[in-house]
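Asks:
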Amino acid sequence: MSVQTATRNAHYHSPAAQQRDPYPTRLSQPLDMPWLKRREAVVKGSAEDGPLSQAQLDAFERQGFLFEPNFLSGDELDALREELKALMSNEDYVGRDFSITEPGGEEIRSLFAVHFLSERFRRLAQDPRLKGRAEQILGGEAYVHQSRINYKPGFQGKGFNWHSDFETWHAEDGMPEMHAVSASLVLTDNHHFNGPLMLVPGSHKVFVPCLGETPDDHHKQSLKMQELGVPGREALGELIKRHGIEAPTGAAGGLLLFDCNTLHGSNANMSPDPRSNAFFVYNRRDNRCVAPYAARRARPAFLAHQPDADWSP
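Here the sequence shown is numbered in our numbering, starting from 21 and rising by one per residue.
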């Protein structure tokens, strides 16, 4: 199937259907190519624009991610860990749509919109050390498109399938272009046995269209176990063959920055040690979301914030 035909299929409900989508996805038939070349630059700023060095920016450009050990430590890290415990044990959040439980279980897997639920996490999201890194990479003013706490309980935490966040944000939230970066702050020690995030370095430079029409309220399923919006095995296998897989690990307090289009996933937690992280998505303000490109309606506001938006549970 040609890109032009794919664009029509992928835009069947979007007001932007008249314009050619450079990143068609959720297709009825595969394209005649395994992936499409990324159009946007990866790093838009320079070493003079923020706290990251030129070597760090070059590494991000090359790999699609950057891990900084010991980003936070001491009392500051302890306070965030205590705040995480308080949020995860808040009975008012049980059964709410922004509180996602493990598949087949009642333990919370993800808690969304945490920078609205917690003043401490709001301050962290706006911290120049964190936001400044994101804006340096993005080359402009950014806002928080999404925030959440991810938690994998020991022995019970399930894995998450390979995917590009941009594919979902483009298809279901209406994010136009690849001008977003994720910041994941590790709040518990990350090791190879408790399901750390795995990434395919270099995969951010291509876009892999996915098959299957987006059902209504797809987030209710995908946030527990993603099956739609997952790259085909042929394309995924070829990218991993070319670039390999990396899983940054380290002590609590490390920071992982990764491009919105970097393919990533995780295994189940096979250890007794829980794994948790605070997660902030920074989107450039001029890249605010429009109508979804491959869904009938946008996802709820707790998943996709607009600039200067307010939200409360």
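Backbone N, C-alpha and C define an ideal beta-carbon position, used for all residues, glycine too.
Measuring alpha carbon to alpha carbon, tell me which residue in Ala99, Leu275, Ile128 is nearest glutamate 139.
Replies: Position 119 of the sequence shown, counted from the start, is the residue given in the question as residue 139. When only C-alpha atoms are compared, the closest one is Ala99.
Asks: Going by the CB atoms, is the gap between glutamate 233 and arginine 46 shorter than 8 Å?
Replies: Looking up residue 46 in the sequence shown gives position 26. Looking up residue 233 in the sequence shown gives position 213. Taking 8 Å as the Cβ cut-off, arginine 46 and glutamate 233 qualify as a contacting pair.
Asks: In three-state terms, what does DSSP make of aspartate 279?
Replies: Taking the first residue of the sequence shown as position 1, residue 279 is located at position 259. The answer is strand: DSSP assigns aspartate 279 an E or B state.
Asks: State the start and end residues of the unbroken beta strand (DSSP E) segment that holds methionine 218.
Replies: Within the sequence shown, numbered from 1, the residue matching residue 218 stands at position 198. Element bounds for methionine 218: 217-219.
Asks: So, at 8 Å on beta carbons, what are the nonlocal neighbours of isoleucine 260 in its own chain, with the 5 sequence-adjacent residues on each side left out?
Replies: Residue 260 sits at position 240 when you count from the first residue of the sequence shown. The residues are Val220.
Asks: Below 6 Å CB to CB, which residues in the same chain sit around proline 54 once its five sequence neighbours on both sides are set aside?
Replies: Residue 54 sits at position 34 when you count from the first residue of the sequence shown. Within the same chain, proline 54 has close Cβ partners Ala255.
Asks: For proline 188 versus histidine 224, is the C-beta spacing smaller than 8 Å?
Replies: Numbered from 1 along the sequence shown, position 168 holds the residue referred to as residue 188. Numbered from 1 along the sequence shown, position 204 holds the residue referred to as residue 224. Note that residue 188 is threonine in the sequence shown, not proline. Inclusion of threonine 188 and histidine 224 in the CB contact set at 8 Å is not warranted, their separation being larger than that value.
Asks: With DSSP as the reference, label tryptophan 331 as helix, strand or coil.
Replies: The residue you call residue 331 lines up with position 311 of the sequence shown. Coil, per DSSP.
Asks: According to DSSP, what are the bridge partners of glycine 270?
Replies: The residue given as residue 270 occupies position 250 in the sequence shown. According to DSSP, glycine 270 bridges with Asn210.
Asks: Judging by CA-CA distance, which residue of Glu81, Ser119, Glu197, Gly152 is the nearest neighbour of serine 167?
Replies: If you number the sequence shown from 1, residue 167 lands on position 147. When each option's Cα is compared against that of serine 167, the closest is Ser119.
Asks: On the CB-based measure, 16 or more other CB atoms within 10 Å of its CB, does glutamate 60 come out buried or exposed?
Replies: Locating residue 60 in the sequence shown gives position 40, counting from the first residue. Exposed, because fewer than 16 other Cβ atoms sit within 10 Å of the Cβ of glutamate 60.
Asks: Here's the rule I'm using: 16 or more other beta-carbon atoms within 10 Å means buried, otherwise exposed. How should glycine 94 be labelled?
Replies: Here residue 94 refers to the residue found at position 74 of the sequence shown. With fewer than 16 Cβ atoms within 10 Å of its Cβ, glycine 94 is classed as exposed.
Asks: Would glycine 174 and asparagine 287 qualify as a contact pair, given that the criterion is a beta-carbon distance under 8 Å?
Replies: Walking along the sequence shown from the start, residue 174 turns up at place 154. Walking along the sequence shown from the start, residue 287 turns up at place 267. No, the pair does not count as a contact, with Cβ atoms beyond the cut-off.
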